[in-house]
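Novice: Each residue of the sequence shown is one higher than the last, beginning at 0 in numbering that gives the first Met the number 0. Just so it is clear, CB atoms sit at the ideal spot from N, CA and C, and this is done for glycine as well.
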Amino acid sequence: MSVGPPAEDRTVVLPPGAEAPPRGPAVIRALRPRHLRRRRLRWSRRRLDALTAWVLAALVALSLFLGVLLWLVTPPLPAPLLAGGGAAYVIGDALGQASVAALLQPARVALLYPGGPDVALGDPAANPLFGTLWSEARALLGEVTPAELTAARPVSQEEVAGLFGARGAPPAALEVDLGPRLAWDQWWEVFGAGRPWRGGAGPVFDRVYLAPGARFTKVFLLSRFTGLELSLPGGQGRALAALLLAQQGQPQPSGYAVAPLRPVADTAFGVEPGINVPTDPSWSPVALHAEPVNGARLAAAILGDPLAVRIYRGSDGTVTYSNPQDSALQVRPGGVVSLTAPLASSAPAGQDWLAGLHIAADYVGRAGGWPPSAWLSSVVPVYPAGSCSLTTCTPFAYGYGFETRYQGLPVIGQAPAVSVTAAGAGVTAYARRVPLPGSPLPGGNGATWLPARAIVAALERNPPPSLYAPPMVIDDITPAWVPLPLAGVLQPAWAVRFVPLGGGPARLVLVDALRGQVLAVLTSG
């Protein structure tokens, strides 16, 4: 055991409440000046702020890149077209009067001559004469004054049918099948080129006959079983008379001959006199294709910011896009597109039909564009509960249906090719089902259609159940195309319209023109 001096006692006894001095590196930190410690703290905060700014900039750049990529890698939608005219339609521009007239092109224009042959035109894109005749008819109808409409006398379909066979009948006449059933004050907004109408609502009609003469021009406004006859000064119809006489006997590339269908004795259905039934159509079934739809592009155009759109894919192939505003866009297999959107709380209680048409047309231009040869086929007012008083009803919205043409004949389906419901300043529903015809099917070229009389006889022998009650009569017969998506065929058909004797909605019976089978029974306006 070594003996030496005792070890130094380094234990520090602190007084009560005193803190222990720092040791090791803590001593160095404690000895560093206070201003250096603050500078390092400020430098760290600046570095964190800079890093945050860089991260935010990177996220914004990524968002922009994804947005641009979405628009670049997807093919553009078809260029918006004006209905029937083929002219470019600029999205966002208000519809002018000419554009409204283009949307309201008639379903059919027929040139009628004493002794025939009559000619019906149904394709304004293929035959410029269609637009010329419609322009002359619109100008004539725009000259009608409230006094002339008030002085009009009631006329029956029988009187109009017998006019052209009577002595002194006009040398030529023009029949215009307008399509939608509208009141005179509604049509006046098109006929009158924007001039106000202060004569009241006026009659509801969907067919017009114009018979220009030397002394005066006869104007017949017809709808179902009723009509009005007006007389305009003869000078107003001089241009139309010259145009009709110049076309007599001239071949029309997109026209087809028409002949009147008369009632048949001992039949179950009556047939209204004066119906012009096209003769000898020879169109054959053609292949049917679905319209290609780019769902992502369409959703971005309709629903807004693509980054805020939610996507749901159903087991049947349906893709649903929705946005935070509860608007939902569905794209179904086969190219069918439908939209449901909530009504804005600021929407007015009433709705003008022409203002709604502007809104609907602007929306169609943004949401896919106009299909070729489209025309307004129906206008249906929507009345909310409690909107009707003892004398009037205020529409809450209007539903607009647009059909298309192919080879001059209307394409009529279970639902319109394009339909829009406009309420207030917005759109609450939109649907698009545009069939695209392809080439004629093999073995069907030049197939002979069953005559219209044979179609009527077949319906009399075995009418669809919906035609039993109430009693109905045939109001119109016209050739048409019927899309059969399940079969992939655009089928030629006779469209036979029945109207009830006691009033109410009409029925449109679509019959296979080659085999005589009933394809569909639709409710017609």
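1) Would a C-beta distance cut-off of 9 Å place L593 and A210 closer than the cut-off?
2) How do the stretch 470 to 481 and the stretch 313 to 324 stand: do at least 3 beta-carbon pairs fall below 8 Å, yes or no?
3) From the DSSP output, read off the bridge partner residues of Q490.
4) Using the DSSP secondary-structure output, state which residues sit across from L408 in a beta bridge.
5) So which of S230, L221, A360, F219 has the shortest CA-CA distance to A213?
6) Hey, how far is the Cα of L120 from the Cα of L243?
7) Starting from the Cα of P335, find the closest Cα among R107, T225, G367 and give me that residue.
8) So what does W374 bridge to, in DSSP terms?
9) Tell me the residue span of the alpha helix (DSSP H) that contains Q156.
10) I need the DSSP call for T216, collapsed to helix, strand or coil.
11) Take A359 and list the residues in its own chain whose beta-carbon comes closer than 6 Å to its own, dropping the five residues that flank it on each side.
12) Looking at C-alpha atoms only, which residue of A327, S283, P170 is the closest neighbour of G303?
13) Can you tell me where the alpha helix (DSSP H) with G130 in it begins and where it stops?
14) If you follow the beta strand (DSSP E) that A286 is part of, which residue opens it and which one closes it?
15) Looking at C-alpha atoms only, which residue of R506, R309, S222, L177 is the closest neighbour of L375?
16) Within 10 angstroms of its Cβ, does R514 collect 16 or more other Cβ (buried), or is it exposed?
17) Roughly how far, in whole angstroms, is the beta-carbon of N510 from the beta-carbon of A492, given that I think they are within contact range, below 8 Å?
18) Verify whether the separation of the beta carbon atoms of G198 and T216 is less than 9 Å.
19) Which one of G141, G355, D361 has the shortest CA to CA distance from P394?
20) Could you tell me if G437 is buried or exposed, where buried requires 16 or more neighbouring beta carbons within 10 angstroms of its beta carbon?
21) When you compare each of E142, A373, P504, A238 to L132 by their alpha carbons, which one comes out closest?
22) Can you check which of these residues, A146, R152, L220, is closest to A182 by C-alpha distance?
23) So who's on the other strand from F532, going by DSSP bridges?
24) Using 9 Å as the threshold, is the C-beta distance between V488 and A519 below it?
25) Report the partner residues of P439 according to the DSSP bridge assignment.
26) With a threshold of 6 Å on Cβ separation, who are the neighbours of L435 within its own chain once the five nearest residues in sequence on each side are excluded?
27) Among all the DSSP beta bridges, which residues are the ones paired with E228?
28) Around the C-beta of I476, are 16 or more other C-beta atoms found within 10 angstroms, so that it is buried, or is it exposed?
29) Which same chain residues, not among the five before or five after E188, have their C-beta less than 7 Å away from its C-beta?
30) Quick one: give me the first and last residue of the beta strand (DSSP E) that G178 is part of.
31) Tell me the rounded alpha-carbon separation between W196 and A505.
32) Measure how close the beta-carbons of L521 and A286 come, nearest whole angstrom, since I'm counting them as under 8 Å.
33) Just checking my contact of P370 with T403 at CB under 8 Å: how many whole Å lie between their CB atoms?
34) Quick one: what does DSSP say V517 is sitting in, helix, strand or coil?
35) Grab me the residues of A431's own chain with a C-beta within less than 6 Å of its C-beta, minus the 5 sequence neighbours each way, in chain order.
36) In three-state terms, what does DSSP make of D361?
Specialist: Once the coordinates are examined:
1) Since the displayed the chain opens at 0 and closes at 524, residue 593 lies outside it and no answer follows.
2) Too few Cβ pairs lie closer than 8 Å, so no.
3) V481
4) Y405
5) S230
6) About 13 Å.
7) The sequence as given places Val at residue 335; Pro does not occur at that position. Closest by alpha carbon: G367.
8) E402
9) 156 to 162
10) Three-state DSSP puts T216 in a strand.
11) Y399, V419, A421
12) A327
13) 127 to 140
14) 285 to 288
15) L177
16) exposed
17) The amino acid at residue 510 is misidentified as Asn; the sequence shows Val. For a cut-off of 8 Å, the C-beta gap from V510 to A492 is around 6 Å, short enough to register as a contact.
18) no
19) The residue from G141, G355, D361 with its alpha-carbon nearest to that of P394 is G355.
20) exposed
21) A238
22) Cα-wise, what sits closest to A182 is L220.
23) Nothing in the structure corresponds to residue 532, since the chain is present only between 0 and 524.
24) no
25) Paired residues: V285.
26) H288, E290
27) R152, F219
28) buried
29) L353
30) It spans 172 to 182 - the beta strand (DSSP E) in which G178 sits, taken as one unbroken run.
31) 29 Å
32) About 24 Å separates the two Cβ atoms, so there is no contact after all.
33) 5 Å
34) In the structure shown, V517 sits in a strand (DSSP, three-state: E or B).
35) For the sequence presented, residue 431 should be read as Arg rather than Ala. Same-chain partners within the cutoff: V336, G367, V417.
36) DSSP, read as helix, strand or coil, puts D361 in helix.
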